[in-house]
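Asks: Residue numbers (the working numbering), protein chains in the order written: chain X, 5 to 444; chain F, 305 to 442; chain L, 138 to 639. Don't be surprised by glycine CBs; every beta carbon is placed ideally from N, CA and C. Since the structure is predicted, the reported quantities are computational estimates derived from the model, not experimental observations. Sending over a structure as structure tokens; questions will come in a sec.
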Amino acid sequence: MKKKAEIVIVGGGPAGLAAAAAAEEAGVKSEDILIIERDGELGGILNQCIHNGFGLHTFKEELTGPEYAERYAEKVRQAGIPYLLQTMAVDIRAEGRDGNDAGKIKYVTAMNKNDGLFTVEAQAVILAMGCRERPRGALNIPGYRPAGIYSAGTAQRYVNIEGRMPGKEAVILGSGDIGLIMARRMTLEGAKVKLVAELMPYSGGLKRNIVQCLDDYGIPLKLSHTVVGIHGKERVEGVTIAEVDGNRKPIAGTEEYISCDTLLLSCGLLPENELSAGLGVALNPVTSGPVVNESLETNVEGVFACGNVLHVHDLVDYVSEEAGNAGRNAAEYVLGTGKREAASAAIGIRPGPGVRYTVPSLLRLGHMQEEQVIRFRVSDVYRDAALAVYFDDIPVMKVNKKVMAPGEMEQIKLKKRKLEEYPELEQIRIAVERAVPPKA
Amino acid sequence: MGGMETENRNEVNESRKRELVCIRCPIGCMITVTQQGDGTLGITGNSCGRGAEYAEKELTNPTRIVTSTIRLRNGKQAVVPVKTAADIPKGKIAECMDAIRDAELEAPVRIGDVALADVAGTGVDIVVTKNVEADMGA
Amino acid sequence: MYDVIIVGAGVSGCAVARELSRYHMKTAVLERASDVCEGTSKANSGIVHAGYDAEPGTVKALLNIRGSRRMEELSEELDFPYKKNGSLVLCFEESDRGKLQELLERGKKNGVEQLRILEREELARMEPNISEHAAAALYAPTGGIVCPFGLTIALAENAFVNGVEFYLDTEVRKAEKTGAGYRLETSRGIFESRTVVNAAGVYADVFHNMVSSRKIHITPRKGEYCLFDKAAGDWVRHTVFQLPTKYGKGVLVTPTVHGNLLMGPTAEDIEDKEGVYTTGEGLAGLLERGALSVRDVPAGKVITSFAGLRAHEDGGDFIIGEPEDAAGFIDVAGIESPGLTCAPAIGEYVADLVRKRIPAQEKADFIAGRKGIPSMALADEERRQELIRKNPAYANVVCRCELVTEGEILDAIHRPLGATTLDGVKRRVRAGMGRCQSGFCAPKTAEILARELAADLGEISKAGGKSLLLTGCGKFPHANSGKTVREAGHIDGHIRQERGEA
Chain X
5 MKKKAEIVIV GGGPAGLAAA AAAEEAGVKS EDILIIERDG ELGGILNQCI HNGFGLHTFK
65 EELTGPEYAE RYAEKVRQAG IPYLLQTMAV DIRAEGRDGN DAGKIKYVTA MNKNDGLFTV
125 EAQAVILAMG CRERPRGALN IPGYRPAGIY SAGTAQRYVN IEGRMPGKEA VILGSGDIGL
185 IMARRMTLEG AKVKLVAELM PYSGGLKRNI VQCLDDYGIP LKLSHTVVGI HGKERVEGVT
245 IAEVDGNRKP IAGTEEYISC DTLLLSCGLL PENELSAGLG VALNPVTSGP VVNESLETNV
305 EGVFACGNVL HVHDLVDYVS EEAGNAGRNA AEYVLGTGKR EAASAAIGIR PGPGVRYTVP
365 SLLRLGHMQE EQVIRFRVSD VYRDAALAVY FDDIPVMKVN KKVMAPGEME QIKLKKRKLE
425 EYPELEQIRI AVERAVPPKA
Chain F
305 MGGMETENRN EVNESRKREL VCIRCPIGCM ITVTQQGDGT LGITGNSCGR GAEYAEKELT
365 NPTRIVTSTI RLRNGKQAVV PVKTAADIPK GKIAECMDAI RDAELEAPVR IGDVALADVA
425 GTGVDIVVTK NVEADMGA
Chain L
138 MYDVIIVGAG VSGCAVAREL SRYHMKTAVL ERASDVCEGT SKANSGIVHA GYDAEPGTVK
198 ALLNIRGSRR MEELSEELDF PYKKNGSLVL CFEESDRGKL QELLERGKKN GVEQLRILER
258 EELARMEPNI SEHAAAALYA PTGGIVCPFG LTIALAENAF VNGVEFYLDT EVRKAEKTGA
318 GYRLETSRGI FESRTVVNAA GVYADVFHNM VSSRKIHITP RKGEYCLFDK AAGDWVRHTV
378 FQLPTKYGKG VLVTPTVHGN LLMGPTAEDI EDKEGVYTTG EGLAGLLERG ALSVRDVPAG
438 KVITSFAGLR AHEDGGDFII GEPEDAAGFI DVAGIESPGL TCAPAIGEYV ADLVRKRIPA
498 QEKADFIAGR KGIPSMALAD EERRQELIRK NPAYANVVCR CELVTEGEIL DAIHRPLGAT
558 TLDGVKRRVR AGMGRCQSGF CAPKTAEILA RELAADLGEI SKAGGKSLLL TGCGKFPHAN
618 SGKTVREAGH IDGHIRQERG EA
């Protein structure tokens with residue numbers, strides 16, 4: 005087992021693969037990169053996302069998850085970048101905090117059946133562990149705790165990888181994309197999906213999925229509804245759903261019993277940051293992902309983050325793009341090629357009203373490319389609104405948006421030359437505002 | 305299968321009215337399509353040409369890509385994912401799934417391998433979407 | 138003909154089985170669930186009570202003190218998680234100080250050592266997250282916490298290696314007195330025994346009433362709990378109880394031996410002996426009352442909630458012993474709190490009662506010790522390397538939240554009385570106990586179970602019975618028999634082994 009690498013990438017899903025390929029293209033020798041993947045193959049969760057709709061932005065064609073994953077896996081194999089499969093990273097540390105090399109050397113401890121427990125020394129680490137699904141416990145749904153309650157992703161694995169069906173009749177709680185996709189998938193495989201209940205007054209999924217996964221099959225979507233009871237001691241026998249009020253509390257008298265043997269939960273995704281937290285990476289409480297600067301670098305020098313471990317994306321194309329940036333930045337870091345201009349103070353990027361968070365949340369002019377993409381999600385459904393950008397308190401940009409929804413990621417682009425016009429700038433703020441009236 | 309559909313008959317002419325959500329972009333226009341007795345379509349609610357195109361296609365010839373899995377013998381996975389190589393008529397989805405359910409492949413398989421030719425008489429092939437090696441231990 | 142049949146493989150039944158396994162007796166345990174520790178023993182607070190609650194002089198008080206004192210030693214002997222973290226009873230009103238003093242006096246009478254009253258200042262130093270409403274507290278340094286599954290499974294395994302037979306998925310349907318003893322009709326045929334130990338939890342009244350005219354009545358008293366993420370595990374270090382207040386009987390807030398935080402239980406008398414459901418009101422009320430004890434309850438860190446049923450007998454006390462009209466039928470009934478604490482003492486006490494009926498020699502080759510399953514999560518690097526050298530499966534992580542490896546899961550399956558279900562694996566090695574609550578590891582664990590038990594994935598269940606994981610057809614309709622591994626005949630419910638194998 006090789007004990008040293010320039011860049012260790014934790015996670016061999018879409019983010020890790022794109023980061024690895026980009027780092028190699030940026031000049032890091034392939035053998036100096038190491039991908040650590042816990043599954044038995046590269047590609048991560050894409051391997052079970054067998055539906056189409058991936059890659060429209062990147063490849064201008066509509067691929068399935070495994071096909072999209074294979075394009076990047078093939079890149080990595082072609083480049084000869086080493087990777088370890090069925091290997092779990094269990095700890096990351098940054099050492100030498102007090103000396104000249106303060107925090108510069110990272111130690112990634114991992115284990116697998118072939119190599120046992122081992123530690124790899126690295127200059128840079130790219131966090132690409134992805135995200136996990138919010139479990140039932142976090143929702144605290146009352147009732148029994150029988151078999152037949154699955155997160156949508158777990159059910160997806162059973163159906164698409166094992167060829168097994170979790171149940172015959174299902175109710176789905178949460179209209180996240182995986183839930184919508186699984187509604188169609190279960191139906192096509194012969195199950196009856198009785199309904200999808202969504203706590204919020206709007207769906208968290210893509211419009212296209214609501215139409216093609218629910219409407220096509222006549223599956224009702226009940227907005228502002230939730231599951232308030234699970235019945236069946238051994239196996240799910242039914243659920244009680246109820247309408248919720250504006251505070252998302254169930255309204256008495258609206259309860260309805262739905263018989264089913266399966267409850268799928270698609271109630272959101274959470275970046276998987278146990279390793280990051282152990283390393284001392286500062287996390288954003290809104291995204292549960294690391295706080296990063298324009299280089300996608302965390303507060304721990306030489307530790308970068310990309311993909312769903314950073315913030316949950318709606319499209320994998322954006323994951324690949326972001327991960328490519330992380331890979332290039334990590335390459336610059338280890339090769340010392342980055343234009344590390346005289347230390348420039350970091351400008352904070354803050355979410356204003358209607359914006360939940362931004363990635364990145366710090367911007368150093370000296371490290372900035374000509375253009376910087378800021379990605380974020382809005383906190384509600386907005387029609388005919390605008391995105392406004394403030395440099396400190398000066399309004400500098402306003403873009404009208406016909407519709408914005410929390411389920412779809414938004415972005416704005418900042419130009420370096422524009423920023424350079426404000427040398428005293430301390431904070432950039434992005435907010436949802438009323439649309440600019442059309443010019444007469 | 306289909307979105308909200310209402311039959312709307314009047315004495316002079318028969319017309320069908322249907323409402324659909326456009327999925328061509330995130331805006332999600334609510335489009336109303338009225339089909340006159342003579343077959344012509346009246347499309348309202350769309351904010352661009354792509355919406356009209358979508359609505360017309362959905363009413364006259366709705367098609368979908370179908371993705372599923374097929375049993376795989378001696379593979380590292382029990383099933384392999386597949387898709388229709390092109391979109392097929394919505395009305396053929398059930399028949400297509402029946403054919404997929406009966407099919408079986410032998411590992412190894414590569415992306416693009418034809419699993420079923422001309423599925424359900426659509427002229428479209430079912431193709432493999434994942435490379436799966438044979439399981440030497442099997 | 139058995140010498141002793143124990144009905145129920147909860148903590149009481151297993152404790153009795155373990156004590157009886159010291160003697161030359163033909164002993165069997167009958168359990169209707171597919172594993173041990175499936176009833177009240179699996180859903181409780183996991184507390185080792187110091188012993189100040191029970192009325193001095195009662196059997197409960199005696200067993201509590203004895204059990205509490207035995208627990209530490211037993212945890213070393215049988216290798217299960219136990220920690221003496223100390224407990225606090227909070228007093229919120231100055232006017233309630235008298236009650237605190239009463240508890241102190243009662244505890245002293247019961248023989249609880251080191252009890253003392255803490256004033257606000259010292260209390261706040263010991264527990265920085267304690268609520269500002271707490272005026273004073275009774276401090277019991279001998280209070281502790283234990284893993285209820287760990288304890289029950291350890292007792293069962295040890296009883297098993299010492300020759301006790303276990304019949305799982307074996308439901309007793311009828312009990313009747315015969316000339317020679319008792320005849321039990323079960324879902325797996327007739328069993329005859331000279332004596333019976335009735336440790337059937339919330340069903341103990343049903344069996345008692347089949348053989349005795351002196352009826353007893355057990356009410357399932359439901360308790361709901363919230364379990365918090367390990368990130369909130371050090372919210373408190375001691376087990377924090379409340380004196381009853383005008384808001385009702387208090388709830389406790391405690392760390393668990395595995396480093397989570399636990400809050401509960403509610404108390405609701407119900408009819409249904411299977412009614413282990415949680416309610417919206419119950420859980421909400423729980424968090425509210427927990428907030429009396431600790432500041433800023435980390436409600437967002439709840440990873441699961443559950444409900445258990447205490448076996449509350451109308452008389453309110455333990456019923457341990459023979460009814461006057463049913464010699465040789467030994468009740469272990471009404472074992473509610475502090476039943477878990479008492480278990481080691483109940484085992485000894487009941488074994489003595491049995492021996493009065495069945496005088497048997499002590500075994501010279503009794504195996505007193507038991508080694509638990511090694512934990513990669515708890516092991517230091519050297520130990521981890523050693524385990525991996527022994528079996529590389531210890532390097533294959535299956536449960537990421539709790540860092541449980543394939544090696545440990547294999548141990549859980551292949552041990553004496555090994556796991557045959559997802560819950561069985563979970564309770565032995567914690568795969569699926571973490572913050573993702575098995576979303577990630579359940580399919581992998583199910584696959585390992587299927588492989589190791591030579592069963593089909595479709596036969597793997599959460600907890601036996603009708604709790605199959607996969608009930609749909611899928612691409613392999615032939616595989617879906619609708620039977621569990623045991624029903625399909627891959628494993629036998631009658632588990633017996635020659636002595637000496639551990």
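Let me confirm a value: asparagine 314 of chain F is counted as buried when at least 16 other C-beta atoms fall within 10 Å, else exposed. Which label applies?
Replies: Legend: pLDDT at asparagine 314 of chain F = 43, less than 50; position of this residue unreliable, value from coordinates given subsequently. Result: exposed.
Asks: Across the stretch 353-367 of chain X and the stretch 45-58 of chain X, are there enough close Cβ pairs to call them in contact, namely three or more that are closer than 8 Å?
Replies: Cβ pair count under 8 Å is below three, so no.
Asks: Under three-state DSSP, which class holds alanine 195 of chain X?
Replies: Here alanine 195 of chain X carries a coil assignment [DSSP, helix/strand/coil].
Asks: What first and last residue would you give for the alpha helix (DSSP H) that runs through threonine 62 of chain X?
Replies: Run containing threonine 62 of chain X: 60-63, per the alpha helix (DSSP H) assignment.
Asks: In chain order, which beta strand (DSSP E) runs of at least 3 residues are fully inside the stretch 335-378 of chain L?
Replies: 355-365
Asks: Please list the residues of the stretch 357-372 of chain F that have a C-beta atom closer than 8 Å to any C-beta atom in chain L, keeping them in chain order.
Replies: The stretch 357-372 of chain F vs chain L, Cβ under 8 Å: nothing.
Asks: Roughly how many whole angstroms lie between the Cα atoms of glutamate 250 of chain L and alanine 444 of chain L?
Replies: 32 Å
Asks: Any beta-carbon of chain F closer than 7 Å to the one on lysine 352 of chain L?
Replies: Not closer than 7 Å to any Cβ of chain F, the Cβ of lysine 352 of chain L fails to qualify, so no.
Asks: Grab the span of the alpha helix (DSSP H) containing glutamine 522 of chain L for me, first residue to last.
Replies: 518-527
Asks: With DSSP as the reference, label aspartate 406 of chain L as helix, strand or coil.
Replies: strand
Asks: Have a look at the DSSP bridge pairing and note the partners of proline 393 of chain F.
Replies: DSSP lists F:Thr367 as the bridge partner or partners of proline 393 of chain F.
Asks: For the ligand ZN, is there a heavy atom less than 6 Å away from the beta-carbon of leucine 200 of chain L?
Replies: The ligand ZN is absent from the structure shown, which contains no ligands of any kind.
Asks: Locate the alpha helix (DSSP H) running through glycine 287 of chain L, then write down its first and last residues.
Replies: 285-298
Asks: What does lysine 581 of chain L touch in chain F if you count any residue whose Cβ is under 7 Å from its own?
Replies: Simply none; closest approach about 14 Å.
Asks: I'd like the list of long-range same chain contacts for lysine 314 of chain L, defined as Cβ closer than 6 Å, with 5 residues on each side in sequence excluded.
Replies: Excluding positions up to five away in sequence, the list reads Val348.
Asks: Just to confirm before moving on: does the CB-CB distance between valine 377 of chain L and serine 430 of chain L stay below 7 Å?
Replies: yes
Asks: Note the first and the last residue of the continuous alpha helix (DSSP H) segment covering arginine 426 of chain L.
Replies: 417-430
Asks: Which residues of chain L have a Cβ atom closer than 7 Å to the Cβ of valine 383 of chain F, listed in chain order?
Replies: Lys612
Asks: Would you mind working out which of L:Val534, L:Leu199, L:Arg253, L:Ala273 sits nearest glutamate 230 of chain L, comparing C-alpha positions?
Replies: L:Ala273
Asks: Which complete beta strand (DSSP E) runs does the stretch 187-247 of chain X hold, if anything under 3 residues is left out?
Replies: The stretch 187-247 of chain X contains these whole beta strand (DSSP E) runs: 196-202, 225-227, 229-235, 242-247.
Asks: For glycine 194 of chain L, does the three-state DSSP call read helix, strand or coil?
Replies: In this structure, glycine 194 of chain L counts as coil in the three-state DSSP scheme.
Asks: Is the CB of glutamate 411 of chain L under 7 Å away from at least one CB in chain X?
Replies: yes
Asks: Using beta-carbon positions only, say whether cysteine 264 of chain X and glutamate 173 of chain X come within less than 7 Å of one another.
Replies: Going by C-beta atoms, cysteine 264 of chain X is nearer than 7 Å to glutamate 173 of chain X.
Asks: With contact counted as at least three CB pairs below 8 Å, one residue from each stretch, are the stretch 409-421 of chain L and the stretch 303-318 of chain L in contact?
Replies: no
Asks: Looking at chain L, is there any beta carbon in it that lies within less than 7 Å of the beta carbon of threonine 123 of chain X?
Replies: no
Asks: With a threshold of 8 Å on Cβ separation, who are the neighbours of leucine 88 of chain X within its own chain once the five nearest residues in sequence on each side are excluded?
Replies: Leu38, Ile39, Ile40, Glu41, Ala114, Asn116, Asp119
Asks: What do you get for valine 298 of chain L, buried or exposed, if any count of 16 or more other CB atoms within 10 angstroms of its CB means buried?
Replies: buried
Asks: Can you give the beta carbon distance from serine 372 of chain F to isoleucine 404 of chain F, rounded, assuming they're within the 8 Å contact cut?
Replies: Here serine 372 of chain F really is in contact with isoleucine 404 of chain F; their C-beta atoms are around 5 Å apart, less than 8 Å.
Asks: Taking the straight line between their C-alpha atoms, what separation do you get for valine 534 of chain L and leucine 21 of chain X?
Replies: 22 Å
Asks: In three-state terms, what does DSSP make of glycine 57 of chain X?
Replies: The answer is strand: DSSP assigns glycine 57 of chain X an E or B state.
Asks: Which same chain residues end up closer than 6 Å to aspartate 451 of chain L when comparing Cβ atoms and leaving out the 5 residues on each side of it in sequence?
Replies: If we look at aspartate 451 of chain L and ignore the five residues flanking it on each side, its Cβ neighbours are His354.
Asks: Have a look at L:Val469, L:Asp502, L:Pro496 and flag the residue whose alpha-carbon is nearest the alpha-carbon of tyrosine 340 of chain L.
Replies: The shortest Cα separation from tyrosine 340 of chain L among L:Val469, L:Asp502, L:Pro496 belongs to L:Val469.
Asks: Check leucine 21 of chain X in the structure and name its three-state DSSP category.
Replies: helix
Asks: So, helix, strand or coil for serine 224 of chain L, using DSSP?
Replies: strand
Asks: Does DSSP classify cysteine 329 of chain F as helix, strand or coil?
Replies: coil
Asks: With DSSP run on the structure shown, which of helix, strand or coil describes glutamate 301 of chain X?
Replies: strand
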